[in-house]
Amino acid sequence: MAQPKYEVRAVWLTTLGGLDWPKNYAHDGMGIRQQQEDLCRMLDQLKAINVNTVLFQTRVRATTAYPSDLEPWEGSLSGVPGKSPGYDVLQFAIDECHRRGMEIHAWVVAIPVGKWNTAGCKWVRSRYPSVVKRIGDEGYMNPEAAMTPDYIANICEEITTRYDIDGIHLDYIRYPETWRGSKSHEYITCIVRRVNERVKIHKPWVKLSCSPIGKSGNLSRYRSGGWDAYNRVAQDAQGWLRDGLMDQLYPMMYFSGNNFYPFAIDWQEHSYGRTIVSGLGTYMLHPYERNWPLCEVQRQLSVTRQIGIGHCHFRTKFLLDNVKGIYDYVRSYDRHPALTPPMTWVHSIAPTPPSTLHVERTSEGDNLSWSGARDCSDGPYLLYNIYASTEEPVDITRAENLVAIRRPWTSLTIKRSANKPQLHYAVTAIDRYGNESEPVRSISNKALPIVQSSLLPNNGKVLSVPQRHLFDADLLIVCDLQGHTVKTFVNRPQLNISQLPEGIYQLKTLHKKGHSHRLGYFSIKRK
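Numbering (the working numbering), first residue to last: 143 to 669.
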């Protein structure tokens, strides 16, 4: 199956109890370094299989993975609930994801606040007792309490204004399944609407998403079995897409067979032009879970790609542990990078392309640098995609030509041996909404004649210009081997090249109608 250029490939990275990460407590400097090294190693593994989105658990159970003014620190980081691990965990995760060209979305667990006497639950109910409802041993934000929408929105706003995140991902934005009494969609939708308002007013490019139960409701031919988003827990997730309250959905489709495929199609048919990402039950492969065969997840990946939706693995640990060979399979299945779909429903004007692309070819590889792109949105900065191919011009519609995505820097080194075919390059700019510019392409480095007599004569100071093709030339242009202009002269028989450094150059004409002819090459050697 052809690799799509646009596709969300994501993971849920759980910090609750260190289920995915961290595996040690940050008691001291050594503990901090170990946590950071472990996270970097995991991100490197995810990048190697072209994951482009990390849903990083940031609000856990009324506890946070960053220094919040609203709630205490998550205990899995330092080993002591409420105690700082000694560094800003969310900022570190953002920096490392962006360094690898990945989006990072702050995963916010909305309604559950943990066991009744745990740090997060006690924190909230000691300050706002009417907001927390007890069900058994667990505490939950009461969806029907007047303060709940603002409380959850405050947390999302704090994260959005303080951090350069790419998304807010709401988890468990629903009634608890053990809720007694009637449930109203309006209360849950009110929370979603408040979060949307408080996030988008600051950064409209931040993607708002949630993870609804994997079946929206009953279908005409397939029943949900009493466990669906709309009827059981009052999640009107498809309505949130329709009304512009959500940009993405990650339905938790941890099912197999006809409990998966018809409902995946239903989500896509009711996407309203937004992005659907199927939540895959990768953990179900484990013998201690449902012991699925690998072919079950393989088929789900294939079908979701066919119908045009992305995939998100739950959880990161099971993917990276290569349970039943899932990591190896994904490495081959997602063998090329992919871009996340642009948010054209928010902003659709692409940036201007870079105006220059310089390629320096060395024995160890190619050094690329570019400049000149301009943003047409209100985003804070541009990012860059780099394409490469042995064919010219480079086709930027083909995923196999992508070599780097979402780079915040304007340079890149492509390491390659000298005996491999020469690569041609193209660079595009993308804004924070994902809109991509037209490309700037590298210019062919044609092979130079090596016979000394074929070079234009010069003494290192003065170059004699051949008189052919000069009758209507306005200018003479000296270029480097990549075709970039080094110096421009008016048309004359001899040129003063004393200020040019040693090297090999091209001499071209520029005519009144814009036509250009190459007159030849010359080499400057002064020793």
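Yeah, the Cβ is synthetic: ideal placement off N, Cα and C, and Gly gets one too. Note that this is a predicted model, so its numbers are computed, not measured.
Residues that DSSP places opposite residue i in a beta bridge
i       : result
Phe-198 : Leu-155, Ala-248
Tyr-282 : Pro-254, Lys-275
Phe-631 : Leu-618
Met-394 : Ile-355, Gly-421
Gln-636 : Ser-606
Gln-648 : Cys-621, Tyr-663
Arg-549 : Tyr-526
Ser-513 : Thr-498
Thr-320 : BP columns for Thr-320 are empty, so no partner.
Arg-583 : Ala-568
Gly-507 : Lys-557
His-653 : Ala-615
Glu-578 : Ile-572
Asn-600 : Leu-605
Opening and closing residue of the beta strand (DSSP E) in which residue i lies
i       : result
Phe-664 : 658-666
Ser-553 : 553-557
His-311 : 309-313
Tyr-567 : 566-572
Cys-454 : 452-455
Nonlocal neighbours in the same chain, by C-beta distance under 6 Å from residue i, ignoring five residues either side
i       : result
Trp-382 : Val-334, Met-388
Ile-253 : Tyr-282, Met-283, Tyr-314
Thr-156 : Asp-162, Gln-199, Arg-457
Gly-278 : none
Lys-275 : Tyr-282, Asn-284
His-327 : Ala-376, Asp-378
Pro-599 : Ser-606
Pro-535 : Arg-583
Nonlocal neighbours in the same chain, by C-beta distance under 7 Å from residue i, ignoring five residues either side
i       : result
Ala-589 : Confidence at Ala-589 is low in this model, with a pLDDT of 39, below 50, so the placement of that residue should be treated as unreliable; the coordinate-derived value is given next. Excluding sequence neighbours, Ala-589 sits near nothing in its chain.
Met-426 : Tyr-396, Arg-432, Trp-434
Ile-191 : Tyr-469, Val-472, Arg-473, Asp-476
His-428 : Phe-460, Val-465
Thr-205 : Glu-213, Pro-214, Trp-215, Glu-216, Gly-217, Pro-223, Ala-261, Gly-262
Ala-560 : Ser-505
Gln-176 : Asn-166
Lys-650 : Ile-619, Cys-621, Ser-658, His-659, Arg-660, Leu-661
Environment of residue i [buried if 16+ CB atoms lie within 10 Å]
i       : result
Lys-562 : exposed
Gly-576 : buried
Val-193 : buried
Pro-491 : Checking the sequence, you will find Ile at residue 491 rather than Pro. Classification for Ile-491: exposed.
Ile-538 : buried
Gly-415 : exposed
Thr-303 : exposed
Val-266 : buried
Trp-347 : buried
Thr-504 : exposed
Trp-551 : exposed
His-659 : exposed
Glu-149 : buried
Arg-516 : exposed
Val-604 : exposed
Met-394 : buried
Phe-613 : A caution first: Phe-613 carries a pLDDT of 49, below 50, which makes its placement in the model unreliable, though a value can still be read off. Exposed, because fewer than 16 other Cβ atoms sit within 10 Å of the Cβ of Phe-613.
Gly-323 : exposed
Own chain, CB closer than 8 Å to residue i, minus 5 neighbours either side, in chain order
i       : result
Tyr-270 : Met-289, Tyr-293
Phe-234 : Gln-178, Leu-181
Thr-424 : Val-439, His-455, Phe-456, Arg-457, Phe-460, Leu-461, Val-465, Ile-468
Alpha helix (DSSP H) segment containing residue i, residue limits
i       : result
Arg-670 : No answer is possible for residue 670: it lies beyond the span of the chain, which begins at 143 and ends at 669.
Asn-338 : 327-342
Arg-473 : 468-475
Gly-381 : 379-384
Cys-263 : 261-269
Ser-210 : No alpha helix (DSSP H) contains Ser-210, which DSSP labels as neither H nor E.
Tyr-293 : 290-304
Trp-487 : Where Trp-487 is concerned, there is no enclosing alpha helix (DSSP H), given that its DSSP letter is neither H nor E.
Arg-365 : Unbroken run through Arg-365: none, as it is neither H nor E.
Lys-225 : No alpha helix (DSSP H) contains Lys-225, which DSSP labels as neither H nor E.
Ile-174 : 171-190
Tyr-430 : Here Tyr-430 belongs to no alpha helix (DSSP H), and DSSP marks it neither H nor E.
Pro-346 : Where Pro-346 is concerned, there is no enclosing alpha helix (DSSP H), given that its DSSP letter is neither H nor E.
Pro-679 : It is not possible to answer for residue 679, since the shown part of the chain is limited to 143 through 669.
Test: residue i CB closer than 8 Å to a CB of chain D
i       : result
Ala-144 : Reference to chain D is not applicable here, since this structure consists of a single protein chain.
Checklist entry - Contact between the region 225-241 and the region 468-481: three or more CB pairs below 8 Å? => result no
Checklist entry - Should the region 245-252 be regarded as contacting the region 301-309, the criterion being three or more beta carbon pairs within less than 8 Å? => result A contact exists between the region 245-252 and the region 301-309.
Checklist entry - Is the region 522-531 touching the region 444-451, taking contact as three or more C-beta pairs under 8 Å? => result no
Item to check | Contact the region 403-410 vs the region 429-440: 3+ CB pairs below 8 Å | outcome: no
Item to check | Stretch-stretch touch, CB-based, cutoff 8 Å, three pairs: the region 458-466 with the region 161-175 | outcome: The region 458-466, when compared against the region 161-175, does touch it at the 8 Å Cβ threshold.
Checklist entry - Would you call the region 566-584 and the region 631-639 in contact, with 3 or more CB pairs under 8 Å? => result no
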